[in-house]
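Student: I am attaching a structure below and will ask some questions about it afterwards.
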């Protein structure tokens, strides 16, 4: 019906505006952080949860325009600061000088392009950093599971484990069965995820 079509349109528009305002909020927070603007100097912005009017969208975009103008004024300060962060990330991630040079423009030339390249490289390296953290966390978790499996197998081969009497034996056997079930479920899933992550890692680092 016409009413249902209208309601569907309104729901989609609400979803769209929430998405736009979410992106605006993230970008405003990023600009404020880079420009080191004290919190007391942050103008109050209406909450998207309470108001999704066109005026709210205009208010957010106006704040972005103000911050971008301030960013342009301070671009000569932002370039070395961003370059320093990129250099630190590159060192942490063992990025080669050639790879870094190919990604960012050298000193001189258009300042806006320099900053644009540096910020793009910073985002790329932070994504790689996050992936690296996840990869090593998963590796560590897998090592823990393998250690548990080794201990469980060693315990299973102990001929004295079943000689004890009482509730403790039954409790231990139940714990072992639960652990066995967990290992059988988690280990294949971890191995699959690690294969996917290492394949992506190798593809990204090909030629380094």
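Numbering (the working numbering), first residue to last: 13 to 220.
All C-beta atoms in this analysis are idealised placements derived from N, C-alpha and C, irrespective of residue type, glycine included.
Which of helix, strand or coil does DSSP assign to residue 136?
Tutor: To locate residue 136, count along the chain shown from 1; it is residue 124. Note: residue 136 maps to helix in three-state DSSP.
Student: Would you mind working out which of 84, 99 and 60 sits nearest residue 123, comparing C-alpha positions?
Tutor: If you number the chain shown from 1, residue 123 lands on position 111. Considering only alpha carbons, the answer is 84.
Student: Roughly how many angstroms lie between the CA atoms of residue 60 and residue 30, to the nearest whole one?
Tutor: The residue you call residue 60 lines up with position 48 of the chain shown. The residue you call residue 30 lines up with position 18 of the chain shown. Rounded to whole angstroms, residue 60 to residue 30 spans 7 Å at the Cα level.
Student: Note down, in chain order, each residue of its chain lying with its Cβ closer than 8 Å to the Cβ of residue 58, except the 5 sequence neighbours on either side.
Tutor: Locating residue 58 in the chain shown gives position 46, where the first residue counts as 1. Taking C-beta separations shorter than 8 Å and ignoring five residues to either side along the sequence, the partners of residue 58 in its chain run 68 and 71, following chain order.
Student: Just curious, the alpha helix (DSSP H) that residue 20 is in, first and last residue?
Tutor: The residue you call residue 20 lines up with position 8 of the chain shown. Residue 20 -> alpha helix (DSSP H) spans 14-47.
Student: Report the residue from 41, 205, 114 and 134 whose alpha carbon sits nearest the alpha carbon of residue 56.
Tutor: On the chain shown, residue 56 is found 44 positions in, with the first residue counted as 1. The option with the nearest alpha carbon to residue 56 is 41.
Student: What number of angstroms, rounded off, separates the C-alpha of residue 36 from the C-alpha of residue 74?
Tutor: Position 24 of the chain shown, counting from 1, holds the residue named residue 36. Position 62 of the chain shown, counting from 1, holds the residue named residue 74. Straight-line Cα distance between these residues: approximately 10 Å.
Student: Taking 8 Å as the cut-off, does the stretch 150-168 touch the stretch 128-137 (at least 3 CB pairs, one atom from each stretch)?
Tutor: no
Student: For residue 107, which three-state DSSP category applies?
Tutor: Counted from its first residue, the chain shown places residue 107 at position 95. Under the three-state reduction of DSSP output, residue 107 falls in the coil class, being neither helix nor strand.
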